[in-house]
Amino acid sequence: MGPAHRQLVSRLRALKDEHRLTYKEMGRLTHYSHASWERWLNGKRMVTHEALTSLLAVTGGGEELLRLYEVAVGPRDVHATRAPQAASETVRPEPVTPGPEAAASISIAQLPPNTAGFAGRERQLQVLTETLTEATSPGGHLRIVVITGGGGLGKTALALQAAHRLADRFPDGRFFADLGGTDLDPREPHQVLSGWLRALGQEVDPRDDLDELSGRWRTCLHGRRALVLLDNAKDARQVLPLLPGEQACAVLVTSRGWLAGVPGARHLALGPLEDAEALDLLAARIGASRLAQDPDAAAQLARLCGGIPLALHIAGARLTARPSWPVAALSARLRDEGRRLDELKVADLAIRSVFQLSYTSLPKLEENESVDPRHAFRLLGLTPKEVSLSAAAALLGQHEDSTEAALELLVDSHLVESPVPGRYRLHDLLRLYAREQAEQQETEADRRAAVRRMAAWYLAGLATADRLLHPNTRRPDLPQADPHHPPVVLDDTAAALAWCDQERPALVDAARLAAEHTAHDVAWLLAVFAGTSFRQRGWYTESLTMNTIGLDAARLLGDRSAEASMRNGRSTLMILAGRFEEAGEHLTAALGIRRELGDAIGELAALGNIGTLYAEQGKWEDSKTHQLQALAMSRVLGRRSIEANALNNLGTCADALGDYAEALDHLHAALTLYREEGDRDGEAVALINMAEAHLHHQRPAESLPLLAEALPITREAGDRHAEATVLADLGRIKAAQQLTDEARLLLRQAHDLWEELGHHRDAAAVRAEIGALEPAPA
């Protein structure tokens, strides 16, 4: 920026402040975009003659600014910005072009000022430094790095930070151009080259051929060490003519696209900032001492901004303008998802506007395509945080091939992430924006239908896993499956457990979304089919959340049988939490509903659970009474799996009541039934109860083989509670045998598993046992 240009920018800024105009208001008054005025008043680009005269017409500015403009751009440029002469009057003078040796004497330093408040990205800065300054690039090519990423991630700030750090490595020039890739009218390479060549003292005619300008540009840089920063590139077509031919030069490009057409470029993809980096950026904006006043609120604010630098800058700017606000005040406002995007706005900066640019830049549906990428993006706002390709296809009601094509286009546009092949997720703030667009552009009926399709796909997969893991458990009937979107194929229990592990968060979200979109019949079924597996895996929080959703859904449907199922499942969770009174209330209600409906099998299940509740309270005689009722009913109804459960529970009652022989009789009978029914989980529980009965009567030799047999079954069935019990019992036996090292290893495994499951009382007991062992050798 020359002295005259700098003075022009200063006067224009003063004019803006004098009339208290925003960039948006300047754009509205002059019919030029607010983004153009922002660039012109930041000195990134020379204001056009037409734009200047339009502004002066509405503000009453005088001839002084026009004279200053003519000095800043020179007579040739002023002429070029005005209406062309008639063809008969046009005379093209022979350009007087200084040779490259004249350009070599001119030092160019066009980099805009470094971004204030920059923080983080040290790893990326190291990569940029190493790549752009390596002595010899691989294969002898020009060193090029393309920084790519979605809007608001700080691509330009990172590029400027790196360019200023490396400025002394490129003493022959630092060239800069904003290519306006996100503008409606991106900048043409011809215009950029013309400006650079003029800066190098070269004569340029607007009618010069692009290839000619590109060749002259490369000639000027021959033998020079220069850095070229191309900001906001739209595509490779913009970039290729601007590349130097000199290997001693380096090029840094920022773009929302991948620019795969730039040969030899190294791509550096930006994601959100890490938590610590986000806090550093906030501290740079509002001061570390202010964050230190409430570190928890500061951490929450950083998380709610999703690590997006622009969102963090906006939050910092809002707090800076409100010095009396505690950080927690803004965090509280951002917690409301319905207003979060509205809160992330200050002056002309808004996170919603950045997302809007990427969204509206998506290509429209082609004739040979069946999935509109904009439609796909909108509906992804109605999904769990991460979805599989199959789930997304069900959501859209399309084949997987066409769905994948649309999703991959969204990935290339940095609106969607693909952490691994076949899986997709949205950033939290982008999900809010997508949901907002869905609510504005999709009908309520279409949104409900999409969520129902997706939730039904998850339900079908969960039912497939449940049949493998709990083949003898009675479940309600499923709605008719969608033949166009079949459930996941699971070959064995290991595959079923792995699928549940992977989809756990999505299953919880699917139940919530189904309920929010009135698919209550699907919501409660998701809770039913998840119940046993989630409890055995120790996912108590998620299980309780789904049960709450399911119970509410059952009540809204007026489905008494569904309500009883939900209450029965909830009682088990309450027993595990030690909330016995609540458990009893739910079991009493469930039993009443079952009897009201004449559901004998449901009544049988409730009786068994009431017996379990009494056992957990140490009321062994009451427990035995209910288990005997359950045993008799199960035999009348021919429910062998429930008969096995009753026998197993009667065995634990007899053991607690001191009848060792009766306990073993019941447990042997239960074990036989479990094996005949192919119930591996029940088999493991019976083996554990038999082993513990032996331990209670000081017979560890009889316990050891039973526990050794049970351990792999618990792992196969995914019953982590039972696994921890086996590990603790094995550790105690080894401790009694003075096998201290083996005991310590087993007890530590049990302790860690109890802690992971949230059974802190059990973990504390095992921890005390570990402490009582002889110290390990140094």
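In the numbering used here, the protein residues as written are 541 to 1318.
Note that beta-carbon positions come from the ideal geometry of N, C-alpha and C, so glycine has one too.
Values in this document were obtained by computation on a predicted structure and should not be read as measured data.
Can the beta-carbon of residue i be found less than 8 Å from the beta-carbon of residue j?
i: I891; j: L859; result: no
i: Q1167; j: G1142; result: no
i: L852; j: L822; result: yes
i: T562; j: A887; result: yes
i: A934; j: W865; result: no
i: L819; j: A832; result: no
i: P812; j: I854; result: no
i: R918; j: Q981; result: yes
i: L1018; j: L1047; result: no
i: L769; j: L792; result: yes
i: Y899; j: E926; result: no
i: G583; j: V611; result: no
i: H1206; j: A1194; result: yes
i: P1045; j: P924; result: yes
i: P784; j: L761; result: yes
i: A1210; j: A1184; result: yes
i: L782; j: L733; result: yes
i: L1247; j: L1270; result: yes
i: E1263; j: R1255; result: yes
i: L920; j: V956; result: yes
i: T1280; j: L1244; result: no
i: I1310; j: L1287; result: yes
i: L929; j: E944; result: yes
Just checking my contact of residue i with residue j at CB under 8 Å: how many whole Å lie between their CB atoms?
i: R806; j: L844; result: Their Cβ separation, rounded to whole angstroms, is 33 Å, which puts R806 and L844 out of contact at 8 Å.
i: F987; j: L922; result: Checking the displayed sequence, the identity of residue 987 turns out to be Arg instead of Phe. That belief holds up - the Cβ atoms of R987 and L922 are roughly 6 Å apart, short of 8 Å.
i: G689; j: H967; result: About 11 Å separates the two Cβ atoms, so there is no contact after all.
i: N1012; j: D1139; result: Their Cβ separation, rounded to whole angstroms, is 18 Å, which puts N1012 and D1139 out of contact at 8 Å.
i: D712; j: R764; result: 4 Å
i: L850; j: V867; result: No, L850 and V867 are not in contact; Cβ-Cβ is about 18 Å, not under 8 Å.
i: V1062; j: R975; result: Actually they are not in contact, since the Cβ atoms of V1062 and R975 sit about 20 Å apart, beyond 8 Å.
i: E877; j: L972; result: 6 Å
i: A1130; j: S1101; result: Contact doesn't hold; Cβ gap of about 10 Å is too wide.
In the DSSP assignment, what residue or residues form a beta bridge with residue i?
i: T794; result: I687
i: V927; result: Y964
i: E957; result: R965
i: H807; result: V686
i: A773; result: S795
i: V768; result: F715 and V791
i: V886; result: L889
i: A649; result: R714
Restricting to Cα atoms, I'd like to know which of the options is closest to residue i.
i: I684; options: L693, G691, G690 and E670; result: E670
i: S893; options: T722, A773, W1039 and P863; result: T722
i: L950; options: E940, R1015 and A916; result: A916
i: A1155; options: F1120, A1241, R560 and L1207; result: F1120
i: P726; options: A1257, R585 and A1146; result: R585
i: A1320; options: E909, G542 and L595; result: Examination of residue 1320 is not possible in this model, given that the chain is present from 541 through 1318 alone.
i: Q1042; options: V1068, S1105, G962 and M1114; result: G962
i: E814; options: T759, Q664, E906 and V732; result: Q664
i: A989; options: E1056, E976 and D1031; result: E1056
i: M1106; options: H1126, I1115 and A1117; result: H1126
i: L1267; options: L719, R1110, W1294 and L1008; result: W1294
i: N1108; options: E976, L672 and L1153; result: L1153
i: G1151; options: A1123, D1032, V587 and L733; result: A1123
i: L889; options: A1067, A1021 and G692; result: G692
i: E786; options: R758, A1312 and H574; result: R758
i: A1231; options: V744, R1272 and R971; result: R1272
i: H545; options: S795, L605 and K556; result: L605
i: A1145; options: L581, R1179 and W736; result: R1179
i: D952; options: S901, L651, A1226 and T1128; result: S901
i: G804; options: L897, N772, L672 and G600; result: L672
Compute every distance between the C-beta of residue i and the non-hydrogen atoms of the ligand MG, then say whether any falls below 7 Å.
i: E728; result: No copy of the ligand MG appears in this structure; indeed no ligand is present at all.
task: Decide if the stretch 1128 to 1146 is in contact with the stretch 1080 to 1098; the criterion is three or more beta carbon pairs, one per stretch, under 8 Å apart.
output: no
message: Taking 8 Å as the cut-off, does the stretch 1035 to 1054 touch the stretch 1012 to 1027 (at least 3 CB pairs, one atom from each stretch)?
response: no
Contact the stretch 1201 to 1219 vs the stretch 1184 to 1191: 3+ CB pairs below 8 Å: yes
message: Quick test of the definition: if touching needs 3 or more C-beta pairs under 8 Å, does the stretch 564 to 579 touch the stretch 703 to 713?
response: no
field: the stretch 773 to 785 in contact with the stretch 657 to 664 per 3-pair CB rule at 8 Å
entry: no
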